[in-house]
Amino acid sequence: MIRRTVLSRILLVIPVLFLVSLGTFFLVSLIPGSPEAEVLGPNASAQDYARVREELGFNEPVLQRYFHWLGNTLHGDLGNNLVPPIQRVSTMLLRALPINLELAILALLMAFLIAIPAAMWSAYRPGGRFDRLVSASTFGVISVPSFLAGLLLILLFAVTWPIFPLGQWARPTEEGWITNLHHAFLPALTLALAEAAVFTRLLRSDMMSTLQEDYILAARAKGMPTRHILFREALRPSSFSLITLAGISVGRLIGGTIIVEQVFTLPGLGSVVVTAAQKHDYRVVQGAVLLIALIYVLVNLFVDVGYAYLDPRIRRGRV
Amino acid sequence: MVASELEVVRSTEVVTAAPVRTGSRAAGLVRGGLLLAAGIAVIYIGLVPMGHVTGIIKVPVVLAGIALTYMGVDGLAKAWWGPQVETAFWVSVFWLVALILAAIFADFLPLGEAVDTTKTITIPGNTPPDLFSAHPLGTNNFSLDLLARSIYAARVSLLTAGLAVVLSMLIGVPIGMYAGYYRGRLDRIVSVFNDSFLAFPALIVLIALASVLGVPTSVPEAIIKEGVALALIGIPTMIRLARANTLVFAQREFVVASRAMGARDRRILSREILPNVLLPLVSLALIIIAVLIVAEGSLAFLGLGLQPPQPSWGNMIAEGTITVVQDYPFIPLVPGVFMFLTVFSFNRIGERARQRWDPRQAKI
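In the order they appear, the protein sequences are chains A and B. For the first sequence, counting from 1, position 108 maps to 108 in our numbering; every step adds exactly one. For the second sequence, counting from 1, position 94 maps to 413 in our numbering; every step adds exactly one.
In structure tokens:
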């Protein structure tokens, strides 16, 4: 049963990936006018125009161009970028990507660290002072755009009270993990706040219904301490939709890192993509869109499959 | 992205028990009034230019003042109308009405210069906010008035998000309703397309579109380009929601009854299902507007939206780079507060509308 669930889920990815590749590829066809003029401006040499045309493959018929591009892409070859200095797109993207992945993962962890205790405590005493505070502040935090949250955190914890460095990045390979985490803390926290608010609301409502169950009453009647009841008995059955949501939020987090790294001026995927978008460097934009969509699709697949293993009800096909 | 956020907002109904305050109405009024006065005083102290409070400390002081003011208003409202009054909702309504009126009549308001830097040469730049001066919320690096810019920027944000939501409803609702009503192969095809589209994180789609369509330099251009781009984000969400709501109603007795009386599918869809589907979708559209305003702001913040000197909240916040923000924190914070209040208001009103109109919510 579970094998069939997992298999069908994996098969579902194929049409999605196909459409993703189509969307990414035909993005370039949406350009009004001639793309080489958009890329290079009116004053470039004839050779440069020819190079860009060649690189974008406009000398081939459309279908052939698509399969050519798809073949290269499947081999990990995203071509060269169009605006000098010429580099391989895959190199540019892979050099920047670790920053975004690190920020996204850290943010997810921080969001869990904030959301789980907050949600548990407010679900334990619904309507209490703490619960009302949490409800009000999560609603507020959801309405704060990440670039604004980032600026506030910079103002509070890097300017007014300078305990975190400002606007630099330390690669762990060069300066060690501790320096790296010190630099990554504020950007990751910026992303984590909004996620934490969303997680808290979700986990709180799931937790409240779990805490109504008979076995919780039984555990309490046996005299188990509150902490044991909350962490050991109630957390796991309440956390399934949280895990699904965390999977969905990976996509949002990757989008979010692009903005946050601009706030903190970090050299990640965002700075590559935004610069490329401003210079009409379509190859880079195309590569980045494809890479991010791919990560997003695969993470969601992974979460769905993992979910099937985690929840016995889905494993036995009963839901 | 939009859809997942909506699911979250929906699935987590927050039941906030209103605190039962003891004491008379007069005591409540006095308490609220004192808090309100304290809040206004703290904001004033925070904003007075000749520093009781210097430099960077102003930010936490002003924020605390705003919080105190809100607590004061809340206390007054609760004392006057009783503890069940939803202050946040009414403050949101008030804010949106005021903002929309200001944005419509911006040309007739006595505001400072918002766009033309040649007219502001004599005015000092980077003036901090001073509520009783010609530039109540300060000026930016080019001496442009921040209040005026924030209000003109509201036009861009509201019209863009509004256009996007209207477009995505016009396109998404019929598709979603057909898919949900006829089911079968049509439904499956629509779902696969929808899921693939949702596989792209929204921001990436917007960046890609901006690179392909070019960045807008004038306000109408921005509204049309970004409105269409944002509609692309909104359509899949609308399709999903319309489909889900249609599924709920297509099984109901009144639809069966209508069919038994010989009504055609088109009549059932337009007369029986549409009126029921529309109300929950309108309430969700308000929440989608909030998401789209943030998306538009993000794009402008990245420098891919409306280009300065034309104001939009996103590009105004982007003026507060790491170096600027250390000396002049108000430059990004003024548009930031406008944006936060607007997004919060749409969320709050949408949430309230949804509680009233969403049938799936009502069943719980």
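For glycine and all other residues, C-beta sits at the position ideal for the given N, C-alpha and C. Source: prediction; values computed, not measured.
Rounded to a whole number of angstroms, what is the C-alpha to C-alpha distance between B:H371 and B:I362? By one-based count along the second sequence, residue 371 of chain B stands at place 52. By one-based count along the second sequence, residue 362 of chain B stands at place 43. Confidence at B:H371 is low in this model, with a pLDDT of 49, below 50, so its placement is unreliable and the value that follows should be read with caution. Each residue's Cα considered, the two are about 12 Å apart.
Along the chain, where does the alpha helix (DSSP H) containing B:N459 start, and where does it finish? Start at 1 with the first residue of the second sequence, and residue 459 of chain B comes out as number 140. It is not in any alpha helix (DSSP H) - B:N459 carries neither H nor E in the DSSP assignment.
Give the residues of chain A in contact with B:Q645, contact being defined as C-beta atoms less than 7 Å apart. Locating residue 645 of chain B in the second sequence gives position 326, counting from the first residue. Neighbours of B:Q645 on chain A, chain order: V159.
Within-8 Å CB hit, B:H371 to chain A: For this step, residue 371 of chain B is matched to residue 52 along the second sequence. Reliability of the predicted coordinates at B:H371 is poor, the pLDDT of 49 falling under 50, and no value is obtained from them.
By the three-class DSSP mapping on this structure, what secondary structure does A:R9 have? By 1-based counting over the first sequence, the position of residue 9 of chain A is 9. A:R9: helix per DSSP, three-state reduction.
Assuming A:G150 and A:V263 are in contact, meaning their beta carbons sit under 8 Å apart, how far apart are those beta carbons, in whole angstroms? The residue given as residue 150 of chain A occupies position 150 in the first sequence. The residue given as residue 263 of chain A occupies position 263 in the first sequence. Rounded, the Cβ-Cβ distance is 4 Å, consistent with contact.
Between A:N80 and A:E55, how many whole angstroms is the CB-CB distance? I'm expecting something under 8 Å. In the first sequence, counting from the first residue as 1, residue 80 of chain A sits at position 80. In the first sequence, counting from the first residue as 1, residue 55 of chain A sits at position 55. At roughly 6 Å, the Cβ-Cβ gap stays under 8 Å, so A:N80 and A:E55 are in contact.
Chain A contact residues for B:M658, given Cβ-Cβ distances below 8 Å: Within the second sequence, residue 658 of chain B is the residue found at index 339, counting from 1. Residues of chain A passing the Cβ test: P145 and L148.
Local conformation of A:N81 per DSSP, three classes: Sequence index remark: in the first sequence, residue 81 of chain A carries index 81 (1-based). Residue state, collapsed to three classes: coil.
Using DSSP bridges, identify the partner residues of A:R88. Reading the first sequence from its first residue, position 88 is the one you call residue 88 of chain A. DSSP lists A:N80 as partners of A:R88.
Option nearest B:F620 by Cα separation, candidates A:I142, A:D281, A:Q212 and A:G270: Residue mapping note: residue 620 of chain B aligns to position 301 of the second sequence, counting from 1. It is A:G270.
Assign A:T210 to buried or exposed, taking buried as 16 or more other Cβ atoms, counted over all protein chains shown, within 10 Å of its Cβ. Locating residue 210 of chain A in the first sequence gives position 210, counting from the first residue. Looking at its Cβ environment, which holds 16 or more other Cβ atoms inside 10 Å, A:T210 is buried.
Exposed or buried, which one is B:D646 when buried takes at least 16 other CB atoms within 10 Å? The residue given as residue 646 of chain B occupies position 327 in the second sequence. Under this definition B:D646 is an exposed residue.
Going along the stretch 58 to 73 of chain A in order, which residues come within less than 8 Å of chain B, judged by CB to CB distance? none
From which residue to which residue does the alpha helix (DSSP H) around A:K222 run? Here residue 222 of chain A refers to the residue found at position 222 of the first sequence. Note, A:K222: premise wrong, no alpha helix (DSSP H); not H, not E.
Positions along the stretch 250 to 271 of chain A whose CB lies within less than 7 Å of some CB in chain B: G251, R252, I254, G255, I258, I259, Q262 and T265
For a contact meaning CB atoms closer than 9 Å, what does A:L362 contact in chain B? This structure cannot settle anything about residue 362 of chain A, because the visible part of chain A is limited to 1 through 319.
Going by the CB atoms, is the gap between B:A433 and B:Y471 shorter than 8 Å? Translated into the one-based positions of the second sequence, residue 471 of chain B becomes position 152. Translated into the one-based positions of the second sequence, residue 433 of chain B becomes position 114. The answer is yes: Cβ separation under 8 Å.
Mind checking A:V144: buried by the 16 CB within 10 Å criterion, or exposed? Counting from 1 along the first sequence, the entry for residue 144 of chain A is found at position 144. A:V144 is buried by the Cβ-count criterion.
For B:R490 and B:T556, what's the separation of their Cα atoms in angstroms? For this step, residue 490 of chain B is matched to residue 171 along the second sequence. For this step, residue 556 of chain B is matched to residue 237 along the second sequence. Checking the sequence, you will find Ile at residue 490 of chain B rather than Arg. Near 11 Å, if we compare the C-alpha coordinates of B:T556 and B:I490.
Taking the straight line between their C-alpha atoms, what separation do you get for B:W632 and B:S476? Within the second sequence, numbered from 1, the residue matching residue 632 of chain B stands at position 313. Within the second sequence, numbered from 1, the residue matching residue 476 of chain B stands at position 157. Going from the Cα of B:W632 to the Cα of B:S476 covers about 8 Å.
C-beta atoms of B:P648 and A:L155 nearer than 8 Å: For the purposes of this step, residue 648 of chain B is identified with residue 329 of the second sequence, where counting begins at 1. For the purposes of this step, residue 155 of chain A is identified with residue 155 of the first sequence, where counting begins at 1. Yes, the Cβ-Cβ distance between B:P648 and A:L155 is below 8 Å.
For the candidate residues A:R201, A:I10 and A:Y309, whose alpha-carbon lies nearest to that of A:L245? In the first sequence, counting from the first residue as 1, residue 245 of chain A sits at position 245. Comparing Cα positions, the closest option is A:R201.
Would you mind telling me which residues of chain B sit closer than 7 Å to A:I292, beta carbon to beta carbon, in chain order? For the purposes of this step, residue 292 of chain A is taken as the residue at position 292 of the first sequence. Ordered by position in chain B, the residues that pass the 7 Å Cβ test against A:I292 are P520 and I523.
Out of B:R507, B:I419, B:S589 and B:L517, state which residue places its alpha-carbon closest to the alpha-carbon of B:T661. Walking along the second sequence from the start, residue 661 of chain B turns up at place 342. Comparing Cα positions, the closest option is B:I419.
Residues of chain A with CB closer than 9 Å to the CB of B:L387, please, in chain order. Indexing the second sequence from 1 puts residue 387 of chain B at position 68. Those do not exist, as B:L387 stays about 15 Å from chain A at its closest Cβ, beyond 9 Å.
Rounded to whole angstroms, what is the Cα-Cα separation between A:V198 and A:R171? Taking the first residue of the first sequence as position 1, residue 198 of chain A is located at position 198. Taking the first residue of the first sequence as position 1, residue 171 of chain A is located at position 171. Distance between the alpha carbons of A:V198 and A:R171 is about 30 Å.
Does A:H182 come within less than 8 Å of chain E when only Cβ atoms are used? The chain inventory of the structure shown lacks chain E, comprising the protein chains A and B.
Proximal residues to B:F659 (C-beta, below 7 Å), its chain only, five neighbours per side dropped: Taking the first residue of the second sequence as 1, we reach residue 659 of chain B at position 340. Closer than 7 Å at Cβ, skipping near neighbours: no residue.
Could you spell out where the alpha helix (DSSP H) holding A:Y66 opens and where it closes? Stepping through the first sequence from its first residue, residue 66 of chain A is reached at position 66. Looking at the DSSP string, the run of the alpha helix (DSSP H) that includes A:Y66 is V62 to L74.
Consult DSSP for B:D464 and reduce its assignment to one of helix, strand or coil. Working through the second sequence from its first residue, we reach residue 464 of chain B at position 145. Correct three-state label for B:D464: strand.
Contacting residues, own chain, Cβ-Cβ under 7 Å from B:A483 (five flanking each side not counted): As a working mapping, residue 483 of chain B is identified with position 164 in the second sequence. Answer for B:A483: G546, L549, A550, G553 and L611, listed in chain order.
What is the rounded straight-line gap between the Cα of A:L403 and the Cα of B:V574? What the structure shows of chain A is the stretch from 1 to 319, and residue 403 of chain A is not part of that stretch, so it cannot be assessed.
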